[in-house]
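Using this note's numbering, you'd call the opening residue of the sequence shown number 156 and step up by one each time.
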Amino acid sequence: MRSHLLNDTTTEHYRRSVTEGVERVAAQLAATDRPFTGVTVDDLAPRIDAIDLDQPLGDTTAVLDELEDVYLRDAVYFHHPRYLAHLNCPVVIPAVLGEAVLSAVNSSLDTWDQSAGGTLIERKLIDWTAARIGLGPAADGVFTSGGTQSNLQALLLAREETKTDELTKLRVFASEVSHFSVQKSAKLLGLGPDAVVVVPVDHDKRMQTVALAHELERCAEAGLIPMAVVATAGTTDFGSIDPLPEIAGLCEQYGAWMHVDAAYGCGLLASRKYRHRIDGIERADSVTVDYHKSFFQPVSSSAVLVRDAATLRHATYHAEYLNPRRMVTERIPNQVDKSLQTTRRFDALKLWMTLRVMGADGIGALFDEVCDLAAEGWKLLAADPRFDVVVQPSLSTLVFRYVPAAVTDPAEIDRANLYARKSLFASGDAVVAGTKVSGRHHLKFTLLNPETTTADITAVLDLIAGHAEQYLGESLDRAC
Numbered sequence: 156m157r158s159h160l161l162n163d164t165t166t167e168h169y170r171r172s173v174t175e176g177v178e179r180v181a182a183q184l185a186a187t188d189r190p191f192t193g194v195t196v197d198d199l200a201p202r203i204d205a206i207d208l209d210q211p212l213g214d215t216t217a218v219l220d221e222l223e224d225v226y227l228r229d230a231v232y233f234h235h236p237r238y239l240a241h242l243n244c245p246v247v248i249p250a251v252l253g254e255a256v257l258s259a260v261n262s263s264l265d266t267w268d269q270s271a272g273g274t275l276i277e278r279k280l281i282d283w284t285a286a287r288i289g290l291g292p293a294a295d296g297v298f299t300s301g302g303t304q305s306n307l308q309a310l311l312l313a314r315e316e317t318k319t320d321e322l323t324k325l326r327v328f329a330s331e332v333s334h335f336s337v338q339k340s341a342k343l344l345g346l347g348p349d350a351v352v353v354v355p356v357d358h359d360k361r362m363q364t365v366a367l368a369h370e371l372e373r374c375a376e377a378g379l380i381p382m383a384v385v386a387t388a389g390t391t392d393f394g395s396i397d398p399l400p401e402i403a404g405l406c407e408q409y410g411a412w413m414h415v416d417a418a419y420g421c422g423l424l425a426s427r428k429y430r431h432r433i434d435g436i437e438r439a440d441s442v443t444v445d446y447h448k449s450f451f452q453p454v455s456s457s458a459v460l461v462r463d464a465a466t467l468r469h470a471t472y473h474a475e476y477l478n479p480r481r482m483v484t485e486r487i488p489n490q491v492d493k494s495l496q497t498t499r500r501f502d503a504l505k506l507w508m509t510l511r512v513m514g515a516d517g518i519g520a521l522f523d524e525v526c527d528l529a530a531e532g533w534k535l536l537a538a539d540p541r542f543d544v545v546v547q548p549s550l551s552t553l554v555f556r557y558v559p560a561a562v563t564d565p566a567e568i569d570r571a572n573l574y575a576r577k578s579l580f581a582s583g584d585a586v587v588a589g590t591k592v593s594g595r596h597h598l599k600f601t602l603l604n605p606e607t608t609t610a611d612i613t614a615v616l617d618l619i620a621g622h623a624e625q626y627l628g629e630s631l632d633r634a635c
């Protein structure tokens with residue numbers, strides 16, 4: 156069994172095995188003509204359940220054959236131009252190369268003596284990102300598993316910076332369309348059930364600053380503590396960007412920590428065309444970025460950035476076997492001193508490879524393309540009488556609803572939209588997402604693939620309308 160350990164004696168085995176795996180994936184990508192096969196849970200689950208994990212196949216080729224049957228053939232492929240559903244981007248090749256390297260070397264980014272150059276590369280990327288945001292010379296940060304962890308860590312720092320033990324008095328302000336991780340973080344941080352104050356949004360799904368000011372004043376009058384305001388630069392449902400400069404001013408006025416959840420909108424940091432849309436982000440105390448959303452990186456590749464490096468001390472714990480205190484005075488850089496995680500992958504390498512091959516402008520140009528595509532898609536939807544589109548996009552998301560001319564019952568229209576999404580997914584011809592707006596079911600395109608065209612959007616809209624009309628026709632037949 157030692158022949159399977161990756162070391163100096165097994166490099167040829169490693170090369171052959173990885174090459175064979177890459178060839179299988181490349182062949183699958185080349186042959187994929189739709190984003191999904193339409194396989195059902197009932198079809199796939201018995202195949203996986205039938206595999207006896209205590210009986211190894213012992214051969215890489217046989218395992219890859221099996222993998223094709225239970226995974227590769229039926230995976231949902233984000234690279235396909237008609238995958239239009241969630242915040243999943245196609246990935247760039249330099250980042251995939253980075254993934255292969257980091258997995259093989261298997262550095263752990265918690266301590267210097269486990270990573271060496273990896274530590275410095277991650278720190279360099281944090282500095283680069285902080286400079287792109289404009290956080291200033293005292294900024295710092297650390298890579299995380301994703302936006303949820305970044306938001307949790309940011310709110311942990313905000314809680315500690317209030318310097319109070321009266322947790323029931325702490326309040327966090329976030330818009331009604333902010334990410335659910337804000338509520339989850341509040342619970343994990345031991346805050347009270349009323350800790351998160353939901354602030355209404357305007358017609359464009361941006362936080363209403365007048366309402367935020369009112370809530371902050373009400374908080375102060377009640378003797379409560381405004382712990383943090385979470386502004387969103389790219390909401391999950393709408394891609395909307397909160398008015399960051401106005402929110403920053405209110406945070407300064409009321410002494411609240413300003414956190415910007417830019418998990419989605421961080422792609423604008425590399426944009427020459429639309430960077431101004433997140434002006435004001437430089438005034439934040441902390442920022443969440445998800446490179447695996449809008450920098451075209453494989454999951455996971457994310458970070459939390461802070462204006463003041465000293466605030467990261469709230470995540471610092473020392474263990475004699477790992478990062479004893481003496482290492483601080485010896486100037487040994489241990490990333491675990493900043494992180495909620497201990498063992499942590501060298502995910503930063505993927506972004507490093509991407510920047511060194513493509514450059515920031517190359518990434519930004521790709522993100523600009525999908526923002527431009529969303530603008531064109533909005534025009535198509537606005538001109539199509541079959542659909543109502545909710546807001547003009549700030550990033551690359553379109554939320555809309557099929558509205559048949561002959562049907563006026565909102566509940567029936569809800570069912571038609573739900574049916575259309577489900578049937579489209581089952582067909583495998585395209586994948587779209589869904590959400591609720593004002594209690595009514597809507598459909599959603601999240602456009603993160605520069606290969607998607609307006610022709611793809613038009614074709615998918617026609618498919619949606621066709622499935623919805625089929626449902627309504629069958630529903631009318633049943634009623635008769």
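By construction, the Cβ of each residue, glycine as well, lies at the ideal position given by its N, Cα and C atoms.
Buried versus exposed call for residue i [16 or more other C-beta atoms within 10 Å across all chains shown]
i: Leu616; result: buried
i: Pro249; result: buried
i: Asp502; result: buried
i: Asn261; result: exposed
i: Lys360; result: buried
i: Glu376; result: exposed
i: Ile288; result: buried
i: Pro355; result: exposed
i: His159; result: exposed
i: Arg673; result: Lying outside 156 to 635, the shown extent of the chain, residue 673 is not represented and no answer is given.
i: Gly435; result: buried
i: Leu311; result: buried
i: Met131; result: For residue 131 there is no data in the structure shown, the boundaries of the chain being 156 and 635.
i: Ser593; result: exposed
Whole-angstrom distance between residue j and residue i, CA atom to CA atom
i: Gly345; j: Arg480; result: 28 Å
i: Asn162; j: Ile433; result: 47 Å
i: Ile402; j: Thr364; result: 7 Å
i: Tyr626; j: Phe393; result: 27 Å
i: Ala411; j: Glu437; result: 16 Å
i: Gly404; j: Glu223; result: 54 Å
i: Thr323; j: Gly347; result: 5 Å
i: His369; j: Val554; result: 29 Å
i: Pro211; j: Gly193; result: 29 Å
i: His131; j: Glu629; result: Residue numbering for the chain in the displayed model covers 156 to 635; residue 131 lies beyond these limits and cannot be assessed.
i: Asp209; j: Gly532; result: 51 Å
i: Trp507; j: Phe522; result: 18 Å
i: Leu380; j: Arg326; result: The sequence shown places Ile at residue 380, not Leu. Going from the Cα of Ile380 to the Cα of Arg326 covers about 6 Å.
i: Asp207; j: Thr216; result: 17 Å
i: Pro605; j: Phe450; result: 12 Å
i: Asp463; j: Thr609; result: 44 Å
i: Pro400; j: Leu550; result: 18 Å
i: Val332; j: His431; result: 22 Å
i: Ile203; j: Asp611; result: 34 Å
Residue i, DSSP secondary structure in three states
i: Pro400; result: helix
i: Lys577; result: helix
i: Ser395; result: coil
i: Tyr626; result: helix
i: Asp543; result: strand
i: Cys635; result: Reliability of the predicted coordinates at Cys635 is poor, the pLDDT of 47 falling under 50, and no value is obtained from them.
i: Tyr429; result: coil
i: Ile206; result: coil
i: Asp617; result: helix
i: Glu524; result: helix
i: Asn261; result: coil
i: Ile248; result: helix
i: Tyr232; result: coil
i: Arg486; result: coil
Residue i - partner residues in DSSP beta bridges
i: Gly296; result: Leu460
i: Val415; result: Ala386 and Val442
i: Ala588; result: Lys599
i: Ser330; result: Val354
i: Tyr472; result: Beta-bridge pairing links Tyr472 to no other residue.
i: Thr552; result: Thr601
i: Lys381; result: The residue you asked about is not Lys; residue 381 is Pro in the sequence shown. Note: Pro381 sits in a beta bridge opposite Arg326.
i: Met362; result: Val356
i: Leu239; result: Val587
i: Tyr557; result: Phe542
Within-8 Å CB hit, residue i to chain B
i: Asp445; result: Included in the structure is just one protein chain, with no chain B present.
- Query: Hey, is the region 272-284 in contact with the region 473-491, meaning 3+ C-beta pairs nearer than 8 Å?
  - Reply: yes
- Task: Report yes or no: do the region 434-453 and the region 296-309 share at least 3 C-beta pairs separated by less than 8 Å?
- Result: yes
- Three or more C-beta pairs closer than 8 Å, one from the region 335-343 and one from the region 540-559: is that the case here? no
- Can you find at least 3 beta carbon pairs, one from the region 508-519 and one from the region 260-274, that sit closer than 8 Å? no
- Query: Below 8 Å, can you find three or more Cβ-Cβ pairs linking the region 597-607 to the region 232-239?
  - Reply: yes
- Message: Count Cβ pairs between the region 443-462 and the region 580-592 that sit closer than 8 Å; are there 3 or more?
- Response: no
- Could you tell me whether the region 411-424 touches the region 383-390, using the rule of 3 or more Cβ pairs below 8 Å? yes
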